[in-house]
Each structure stands twice: as structure tokens, then as C-alpha cells.
Ligand SMILES: Nc1nc2c(ncn2[C@@H]2O[C@H](COP(=O)(O)OP(=O)(O)OP(=O)(O)O)[C@@H](O)[C@H]2O)c(=O)[nH]1
Ligand SMILES: [Mg+2]
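Residue numbers (the numbering used here): -11 to 365.
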């Protein structure tokens, strides 16, 4: 039994495979780690398999799994999970995009109690070197989608990560495409995650395999994980859905408060406003009712929806309150804007236009508040 297994998925990597295996093994020696190198190859047509067999003869901690069916990166990594001879797995690309020197740090974080450790390109200190604009945009889009489900993780689609075997042991992974980490996060059993920054370096040698099909598969995967989390409920993505529901319930309570305050003010306190007269009273009452409903929503979201948010300890109540107010005003403007466009320009029935405005405003409020009012930083 090894301390950890470094899983290296490969497809036609003859130019890199020897160096990456040697680099990983050197890191093992330097840090006195009893580690296994497991190359998971999709039946490469170049010299990759031959080189690994040769390395295997020299080092008994090097192994190779040659797959002949169900070709794919995610599938290969998932197979690696099954065949690894240890309780800790680290996945790394063969093309030196991920620095092997970070392996000991990742392993350390796992030993200190994290279930998953992610090498992040998108947190402070991380980055991407030498990527064309198109690749950057695709990656940013994919990351955004992934963060809908895992808002506290800056790089939920990284290809460089470590995990305990227990995370995936019972997980019904449906691996496909490139983003195996998202699948692990969505279906695995884990509580504690940790990210460490690294600079992604584009491959110098060998060829890239990214295709349009990958993007389509990714979108399917996000939908699949969302559905899965709805049905199974005891996972990280479900924690997010619960917040959406709570946020919605609080929003409905806000409507009730809003209407009640308006009613009381108009029915029982209606008076002449100095210089402005009686006509403006209702508008003022409505504004007061709106603001009180925003305060109501803030209190419940702070105490309930986002009660476990670390921002409640690291930021002041005033900062959160001001942020929440600003975001709510933004949500109202979005609601009104959508109403105007749909009803005014496209002649959508006014009730339907308003309803769509409410929905979009709701998700705006939820996502932006989650990020800025109650976000991790
Ligand atoms: N087993 C297996 N490995 C693959 C497959 N596709 C890619 N890989 C390996 O997965 C790792 C990442 O693939 P890359 O082609 O480098 O993907 P990328 O980093 O997004 O793109 P480039 O570096 O620009 O090519 C490398 O080690 C590849 O050899 C596959 O279908 N099966
Ligand atoms: Mg690469």
C-alpha cells in the first residue's frame, strides 16, 4: 500500500511521459513519500505505452493501465481511482501544465484533514500562461457554470487536484468529457475543501485534444449534476440549492412585509406632507415599505440563508447591509428593465413580462449577494 497515487492520464504523450514520471518520482524521493505513479493510457498509438513499460522495469512504483474501451480523459481518471493502490489520489496532466513540485503540499493538506485539494488557476497567486483568447474565454465560461454549483471554489474545473479515496469510493460517477473534478465535487462525499494557487503553463510539446464536443458534454454534465443533487440531497451542490430555496422563502416574506407596511401606512397614518401635499404620500409610503422589506430580507438572509457564511465573521454588519441594499436596488432595476423591454418592445403580456423580470432579478440578487455580500472573502 502506498501513501498516495499520482494518476497521470495520457493519450499520445511520448514526448512528455518519461519526463513527467521521472519528475513525480523525484518529488517522492525528495519528500520521503512512498508514492505510486499510475499512468492511465487510452491505448496511445505512439510510443507512450512502451516508454512506461520500460520505466516500470526500472521502478516498481510505476504502473500503467491501458484502456481499450470508452475512450476519454474523465473516464480514464475514474478508472485510475479504481485501480490506484492507496487511499489518496492526485491527478496531474502529463504535459507539465501542472507543477509536480506542488504534490507534497497537496498531500499535506489532505493529511491535515481536507477531503479535496484543488490546484487553482483563478485564485490569488494562480494564473494561466500563454493561452490564446479563445481558450481563456472557454475556460472562464466553464468556470462560471461550475461556480453556480460550487460558489466557494474558484477553480471547480481544474485538472490538477488531490482527493481522499473515500470521496469517490461510493460515488456514482458518470465520467465524460474533460471536467472530472466537477463530477467528483458534484457526486462525491466530502466536507472540507482547500485550494492552492498555481500557474498553469500551456504545453510546449505534443498536441492538444480540445474539441467542440467537449463543450457540449460539459453543459450536459452541469445539468446532470444539478439533477443529481436534487434527487440525492446530501451533497455539496444540494447545500447551494437549499440556499436558493431559503433565499426564495425570505423573498416571499419580504413581499408580505412590504404589502403590510404599505397598508398600515396608507390606512392609518396618511397625512399631508409639508410642501408636497397629500398626493405624494402613497409614493413615500411605498418607498418606506420597500426599504423595510429589504431590511427584513437582509436580517433573515443573514441569520438563516447565509448563517454559515464566513463573511459573517470577517465583515461588518454594516458592510453587508449596504451591499445587500445596493444589490437589491440593482435587482429592482433589472426587473424594471426586463419588464420594459419585454412589454414595451416585444408586446409580451404585462403580467408575464413582470414575472420573468422577477425571476431574473431573483437570480441576480441571489448570485450577486452570495458572491459579494456573503462571499468567502
Ligand atoms: N487517457 C486519456 N488521457 C487523455 C485524453 N485526452 C487527453 N488526455 C491527457 O490528459 C491530459 C490533459 O490533456 P491535454 O490535451 O493537455 O488538455 P489541455 O491541457 O486542456 O489542452 P492542451 O494542453 O492545450 O493540449 C494530458 O496528460 C493528456 O495526455 C484521453 O482521451 N484519454
Ligand atoms: Mg494540457
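From the three backbone atoms N, C-alpha and C, an ideal C-beta is built for every residue, glycine too.
A straight-line Cα-Cα distance of about 30 Å links residue -9 and residue 225. Relative to ligand 1, even the nearest heavy atom lies 7 Å or more away from the CB of residue 42.
When DSSP reads this structure, residue 305 sits in no beta bridge, so it has no partner.
By alpha-carbon distance to residue 55, the top candidate from 105, 358, 26, 322 is 26. Taking all protein chains shown into account, residue 146 has 16 or more neighbouring C-beta atoms within 10 Å of its C-beta and is therefore buried. Here the distance from the Cβ of residue 127 to the nearest heavy atom of ligand 2 is not below 7 Å.
At a Cβ-Cβ threshold of 8 Å, residue 152 and residue 76 count as neighbours. In the three-state scheme derived from DSSP, where H, G and I count as helix and E and B as strand, residue 47 is classed as coil.
Within the segment 105 to 155, the complete beta strand (DSSP E) segments at least 3 residues long are 115 to 117, 149 to 152, listed from N- to C-terminus.
Linking residue 60 to residue 130 through their CA atoms gives a straight-line distance of about 18 Å. Comparing alpha carbon positions, the residue from 183, 48, 291 closest to residue 112 is 183.
Collapsing the DSSP output to three states places residue 30 in coil. Judged by DSSP in its simplified three-state form, residue 161 adopts coil rather than helix or strand. For residue 185, the beta-bridge partners assigned by DSSP are 108.
Under DSSP, residue -10 takes part in a beta bridge, and its partners are 74.
The residue from 165, 144, 173 with its alpha-carbon nearest to that of residue 157 is 173.
When the five nearest sequence neighbours on each side are left out, the beta carbons in the same chain lying within less than 6 Å of the beta carbon of residue 249 are those of 277, 280, in order along the chain.
Not one heavy atom of ligand 2 falls within 7 Å of the beta-carbon of residue 146.
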